[in-house]
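Chemist: First the structure, which I've put down as structure tokens, then a few questions once you've had a look.
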Amino acid sequence: MNIAITGIGIISHAGINIETTRSVLHCHDSLPPLNPPTLFKTSLNVPVGEVPLNNEELRRTLPPRSDFTLPIPCSRTALLGIHAALQALTDAFTTNEKGLPSLPQIPIGIISGSTVGGMDLSEQFYSKFMEAPSAADLNLIRGHDCADSTQLIARYCGLTGLTSTLSTACSSSANAILLAARLIEQGQADILLAGGCDALCRFTLNGFASLKLLDPAPCRPFAADRAGLNLGEGAAYLVLQSTRSIESALRKDIFPVHSPYGYFIGGANRNDAFHQTASSEEGTGPLMAMTEAIQMAKLTPDKIDYINAHGTGTRNNDMSESNAIASLFSKNSQGIPPFSSTKPLTGHTLGAAGAIEAVLSLLMMQEGILFPNLNMTTPDPLLPAAPLKIKSTLPITHILSNSFGFGGNDTSLIFSSNSSHDTA
Amino acid sequence: MIPPKAYIAAFSDSSELKPELISSLIPNAGIRRRMNRLTRSAIAVGLQALSNSGLSQVDAIITASGLGLLEESEKFLRTLIENNEQYLNPTPFIYSTFNTVGAQLAMLLKNHGYNMTYTHRNHSFESALIDALSLLQTPQTNSVLLGAFDILTPSSEQILRRLGSFRHDRIPFEGASFFVLTNKPSSKTWGEIYLPQILSLPKEPSTPKELLTLNPSISPDSSLPPLITWNGQVLSSSEMDIQVKKKYPVSPTLSAYALWNTLYSAHGSYPSQVCLIYTQYPGMPSTLIPIRFLQS
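These protein sequences, in sequence, are chains H and Z.
Here the first sequence is numbered in the numbering used here, starting from 214 and rising by one per residue.
Here the second sequence is numbered in the numbering used here, starting from 1242 and rising by one per residue.
The following block contains the structure:
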């Protein structure tokens, strides 16, 4: 498989666009730490990775469309999604005088993942609904479903191709990339926008709190003293394009805005089939997903230069994931490749995490830097492998990115700086 | 590109599932107790479809739901508000994720294969079918357990009614339907299934004849004209006005039920014939799912 990534867009605690996010990868000293939520009322005093713009600011900073107005109110999930999607499309194609993407004359579709959809507004609706069912404002519930953000992104960006939404918990947007790449590979589409969006809300914050999975301090993935995860929010989208569509554009003298960030060369989704929320200790599902992804990319494990780990910071995930990494890579002559979790930067952005980490991986590949596993003083001696502690600079050809979710949903994606036929 | 197609090896629906079958399909009482009625029933229907196919395992499980596990989401939200974020039982949260049914099926079947869940409003089942057909083109996948479910709760019914979903005497509807699709025909094959078509048209077709002009890109090799089914009932070729049938059932995954009902009630009567499964949805384009019945 060899699908070009010609545009990327990202909005998270680590940066509201590609440039701010890129600079954070170089130097994260000025990034504010994760703090308790400020955008909604909650009694939970835990750090979260908020996007530093409120809903009004998110709405105001969008380029206006004359033919379409966003609903009022509009879920934060959709607002974040539109921001990242517009960034990706304007990055891949050109921007018109209104600040909107000038899309090529072929239908572009969108495949998006989300876990809570418009729950931020549904919560407000439901409080009122419990008091007076017939008086609660219906405008707060219209965008409840996960497809609402997908539909609004498609409308706002002028996308007319295949539109689909999937929801597989924390691997949702990684799976969106997986499906988009397969449909392009099979010729069912030429250009697809793939990624995901999720906003913080009381529902998920309390959900993870009830499972006792939230660390009251900044999360410390793979560390001896790790005590849980920090939630985050955001969105990221990738423009996936067949090489034939790039070549056909070239024949019409339509030149790409820039060279591809990299290529998606393989990926796999496997199920741990162990427990609804916990991972198997040995990491059966993660190991299968990584193994299959590497096979599909026609690589061997020693060709992986860096692993962007799921690394949530929970006792269970990090043990399961590092056991799987050790089983697969410990036979490499040069040992286990460097790996780190970028969740200390962004928080765990749930449905958006897979796409956010794909974008971070592509930026690391472009900059030739490996971002370290922050907040860890002592690696967990009970784990078979320790993550990257300090930032390192080196050429990166192949990155494997993991995203694991509730329901044992395990996805591994592989990005390459070369198209796969160059590496074969 | 060759238009993807697959073979339907089995089908099952909650409307034909006897409640006493649920305990034999899901023998673990603990698991049954932790699940609500919809989750239980959807999982049982999935297991029943697999059992009907004669296969003991599938390579992938793909599910669809427009609104997911509403009972769980609502229960968690209600307690969150009532208890003011204190003393929350995590169980409803754990089971509120859209992929719960697919995940539980994987766990019960010890299935480590591809596991995906679509939730694209009224086109959720169509989205899942697109993935299933695509996956079956890959060399690693010979069989897929594909299903859809949607539930009504007293609150969701009340909210949907206020939103106008049940205007024109449309009927609230819920249920679960599952199918086993394979990439090769077998002695169990009931028919072939093709890519769904979303009818994004300025005006809804009003007659079967109009619908036929929208015939998707499958080439019927028989001289017989395609049949059209509406929620599983074969529409006569006379100029019956589809719009008269405004009183249709409303569920985001209605097309899955319509596919099941078509296979259940019409198989055997129309050998080799192409059948277009026509489904209407409030507020979103109608869809066509083309199938071809097995030769007699």
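We treat Cβ as the ideally placed atom computed from N, Cα and C, and that holds for glycine.
Helix, strand or coil for aspartate 518 of chain H per DSSP?
Modeler: Start at 1 with the first residue of the first sequence, and residue 518 of chain H comes out as number 305. If DSSP states are grouped into helix, strand and coil, aspartate 518 of chain H belongs with coil.
Chemist: If we define contact as Cβ-Cβ less than 7 Å, is aspartate 1254 of chain Z a contact residue for chain H?
Modeler: The count along the second sequence starts at 1 and reaches residue 1254 of chain Z at position 13. So, not an interface residue.
Chemist: Can you look up glycine 294 of chain H in the DSSP assignment and give me helix, strand or coil?
Modeler: Here residue 294 of chain H refers to the residue found at position 81 when the first sequence is read from its first residue. Looking at glycine 294 of chain H - three-state DSSP - the assignment turns out to be helix.
Chemist: Residues in the segment 326 to 349 of chain H with C-beta within 9 Å of chain Z's C-beta atoms, listed in sequence order?
Modeler: Against chain Z - using a Cβ distance shorter than 9 Å - the residues of the segment 326 to 349 of chain H are Ser327, Thr328, Gly330, Met332, Ser335, Glu336, Phe338, Tyr339, Ser340, Phe342, Met343, Pro346, Ser347, Ala349.
Chemist: In whole angstroms, what is the alpha-carbon distance linking alanine 1301 of chain Z and aspartate 466 of chain H?
Modeler: Translated into the one-based positions of the second sequence, residue 1301 of chain Z becomes position 60. Translated into the one-based positions of the first sequence, residue 466 of chain H becomes position 253. Taking the straight line joining both Cα atoms gives about 42 Å.
Chemist: Is the shortest distance between the beta-carbon of threonine 282 of chain H and the beta-carbons of chain Z less than 7 Å?
Modeler: Numbered from 1 along the first sequence, position 69 holds the residue referred to as residue 282 of chain H. Chain Z, which has no Cβ nearer than 7 Å to the Cβ of threonine 282 of chain H, makes this no.
Chemist: Restricting to Cα atoms, I'd like to know which of H:Asp531, H:Ala486, H:Arg368 is closest to arginine 638 of chain H.
Modeler: With chain H covering only 214 through 637, there is no way to say anything about residue 638 of chain H.
Chemist: Starting from arginine 1533 of chain Z and walking both ways along the beta strand (DSSP E), at which residues does that stretch end?
Modeler: To locate residue 1533 of chain Z, count along the second sequence from 1; it is residue 292. Note, arginine 1533 of chain Z: beta strand (DSSP E), 1525 to 1534.
Chemist: At least one CB of chain H closer than 7 Å to the CB of asparagine 1316 of chain Z: is that the case?
Modeler: Counted from its first residue, the second sequence places residue 1316 of chain Z at position 75. Sequence check: residue 1316 of chain Z is lysine here, not asparagine. False, the Cβ-Cβ gap to chain H never drops below 7 Å.
Chemist: Threonine 1280 of chain Z CB to nearest chain H CB: under 7 Å?
Modeler: Locating residue 1280 of chain Z in the second sequence gives position 39, counting from the first residue. No, no contact with chain H.
Chemist: How would you label leucine 1465 of chain Z, buried or exposed, when you count the other beta carbons within 10 angstroms and need 16 or more for buried?
Modeler: Residue 1465 of chain Z sits at position 224 when you count from the first residue of the second sequence. Exposed: under 16 other Cβ atoms inside 10 Å.
Chemist: In three-state DSSP terms, what is cysteine 370 of chain H?
Modeler: As a first step, residue 370 of chain H is located in the first sequence; it is residue number 157 there, counting from the start. In the structure shown, cysteine 370 of chain H sits in a helix (DSSP, three-state: H, G or I).
Chemist: Assuming glycine 567 of chain H contacts glycine 409 of chain H (C-beta within less than 8 Å), just tell me the rounded distance between them.
Modeler: By 1-based counting over the first sequence, the position of residue 567 of chain H is 354. By 1-based counting over the first sequence, the position of residue 409 of chain H is 196. Confirmed, Cβ separation roughly 7 Å.
Chemist: Considering only the alpha carbon of each residue, which of H:Leu372, H:Leu596, H:Cys359 lies closest to alanine 298 of chain H?
Modeler: Taking the first residue of the first sequence as position 1, residue 298 of chain H is located at position 85. With distances taken between Cα atoms, alanine 298 of chain H lies closest to H:Leu372.
Chemist: Bridge partners for proline 1413 of chain Z per DSSP, in chain order?
Modeler: Sequence index remark: in the second sequence, residue 1413 of chain Z carries index 172 (1-based). Note: proline 1413 of chain Z sits in a beta bridge opposite Z:Val1491.
Chemist: My assumption, with CB atoms under 8 Å, is that glycine 441 of chain H sits in contact with threonine 559 of chain H. Please give the rounded CB distance.
Modeler: The residue labelled residue 441 of chain H in the question sits at position 228 within the first sequence. The residue labelled residue 559 of chain H in the question sits at position 346 within the first sequence. About 16 Å separates the two Cβ atoms, so there is no contact after all.
Chemist: Quick check on lysine 556 of chain H: does DSSP put it in helix, strand or coil?
Modeler: Your numbering for residue 556 of chain H matches position 343 in the first sequence. Reduced to three states, the DSSP call for lysine 556 of chain H is helix.
Chemist: Quick check: the Cα distance between aspartate 593 of chain H and glycine 526 of chain H, rounded to an integer number of angstroms?
Modeler: On the first sequence, residue 593 of chain H is found 380 positions in, with the first residue counted as 1. On the first sequence, residue 526 of chain H is found 313 positions in, with the first residue counted as 1. Rounded to the nearest angstrom, the two C-alpha atoms are 11 Å apart.
Chemist: What whole-angstrom Cβ distance do leucine 1517 of chain Z and leucine 1452 of chain Z have, given they're in contact under 8 Å?
Modeler: One-based indexing of the second sequence puts residue 1517 of chain Z at position 276. One-based indexing of the second sequence puts residue 1452 of chain Z at position 211. Sure, about 7 Å apart at Cβ, within 8 Å.
Chemist: Where glutamine 489 of chain H and serine 1264 of chain Z are concerned, what is the direct C-alpha to C-alpha distance, given to the nearest angstrom?
Modeler: Here residue 489 of chain H refers to the residue found at position 276 when the first sequence is read from its first residue. Here residue 1264 of chain Z refers to the residue found at position 23 when the second sequence is read from its first residue. One C-alpha to the other measures close to 20 Å.
Chemist: Determine the contact status of glycine 1343 of chain Z and threonine 1320 of chain Z, defining contact as a CB-CB distance below 7 Å.
Modeler: Residue numbering aside, residue 1343 of chain Z sits at position 102 when the second sequence is read from its first letter. Residue numbering aside, residue 1320 of chain Z sits at position 79 when the second sequence is read from its first letter. Against a cut-off of 7 Å, the Cβ pair of threonine 1320 of chain Z and glycine 1343 of chain Z comes out as no contact.
Chemist: Within 10 Å of its beta-carbon, does glutamine 1547 of chain Z have 16 or more other beta-carbons around it, so buried, or fewer, so exposed?
Modeler: Outside the modelled stretch of chain Z, which goes from 1242 to 1537, sits residue 1547 of chain Z, for which no answer is possible.
Chemist: Closer than 7 Å, Cβ to any Cβ of chain Z: which residues of the segment 610 to 630 of chain H, in chain order?
Modeler: Residues passing the 7 Å Cβ filter: Phe619, Gly620, Gly621, Asn622.
Chemist: In the DSSP output, which residue or residues are listed as bridge partners for glycine 160 of chain H?
Modeler: Beyond the ends of chain H as shown, which are 214 and 637, falls residue 160 of chain H; an answer cannot be given.
Chemist: So with Cβ pairs under 7 Å, would you call asparagine 545 of chain H a contact of chain Z?
Modeler: Taking the first sequence and counting its residues from 1, one reaches residue 545 of chain H at position 332. No, asparagine 545 of chain H lies away from the interface with chain Z (no Cβ there is under 7 Å from its Cβ).
Chemist: Below 7 Å between beta carbons: does that hold for glycine 479 of chain H and methionine 214 of chain H?
Modeler: What you label residue 479 of chain H is simply residue 266 of the first sequence in a count that begins at 1. What you label residue 214 of chain H is simply residue 1 of the first sequence in a count that begins at 1. The answer is yes: Cβ separation under 7 Å.
Chemist: Compare the C-beta of threonine 490 of chain H with all C-beta atoms of chain Z and state if any pair is closer than 7 Å.
Modeler: The residue labelled residue 490 of chain H in the question sits at position 277 within the first sequence. Output row for threonine 490 of chain H: interface = yes.
Chemist: Pull the bridge partners of cysteine 1516 of chain Z from the DSSP assignment, please.
Modeler: Numbered from its first residue, the second sequence carries residue 1516 of chain Z at position 275. Answer by DSSP bridge pairing, in chain order: Z:Leu1468, Z:Ile1532.
Chemist: Quick check: the Cα distance between serine 347 of chain H and leucine 1318 of chain Z, rounded to an integer number of angstroms?
Modeler: The count along the first sequence starts at 1 and reaches residue 347 of chain H at position 134. The count along the second sequence starts at 1 and reaches residue 1318 of chain Z at position 77. Distance between the alpha carbons of serine 347 of chain H and leucine 1318 of chain Z is about 18 Å.
Chemist: List the endpoints of the continuous alpha helix (DSSP H) containing tyrosine 339 of chain H.
Modeler: Taking the first residue of the first sequence as 1, we reach residue 339 of chain H at position 126. Looking at the DSSP string, the run of the alpha helix (DSSP H) that includes tyrosine 339 of chain H is 332 to 344.
Chemist: If we ignore side chains and look at the alpha-carbon of each, how far apart do asparagine 443 of chain H and leucine 1468 of chain Z end up?
Modeler: The sequence position of residue 443 of chain H within the first sequence is 230, counting from 1. The sequence position of residue 1468 of chain Z within the second sequence is 227, counting from 1. Between asparagine 443 of chain H and leucine 1468 of chain Z, the C-alpha separation is close to 55 Å.
Chemist: In angstroms with no decimal places, state the Cα-to-Cα distance between alanine 462 of chain H and leucine 244 of chain H.
Modeler: For this step, residue 462 of chain H is matched to residue 249 along the first sequence. For this step, residue 244 of chain H is matched to residue 31 along the first sequence. Taking the straight line from one Cα to the other gives about 40 Å.
Chemist: What residues of chain Z sit near isoleucine 397 of chain H, judged by a beta carbon separation below 8 Å?
Modeler: Taking the first sequence and counting its residues from 1, one reaches residue 397 of chain H at position 184. Those within 8 Å of isoleucine 397 of chain H in chain Z number zero; the least Cβ separation is about 11 Å.
Chemist: Touch check for the segment 347 to 364 of chain H and the segment 392 to 408 of chain H: three-plus C-beta pairs under 8 Å?
Modeler: With a cut-off of 8 Å, the segment 392 to 408 of chain H and the segment 347 to 364 of chain H do not count as touching, because too few Cβ pairs lie within range.
Chemist: Hey, alanine 217 of chain H and proline 600 of chain H are a contact pair by Cβ (cut 8 Å); roughly how many whole angstroms apart?
Modeler: Position 4 of the first sequence, counted from the first residue, corresponds to residue 217 of chain H. Position 387 of the first sequence, counted from the first residue, corresponds to residue 600 of chain H. Rounded, the Cβ-Cβ distance is 30 Å, inconsistent with contact.
Chemist: Since isoleucine 354 of chain H meets chain Z, which of its residues come closer than 8 Å, beta carbon to beta carbon?
Modeler: Position 141 of the first sequence, counted from the first residue, corresponds to residue 354 of chain H. Those are Ile1400, Leu1404, listed as they occur along chain Z.
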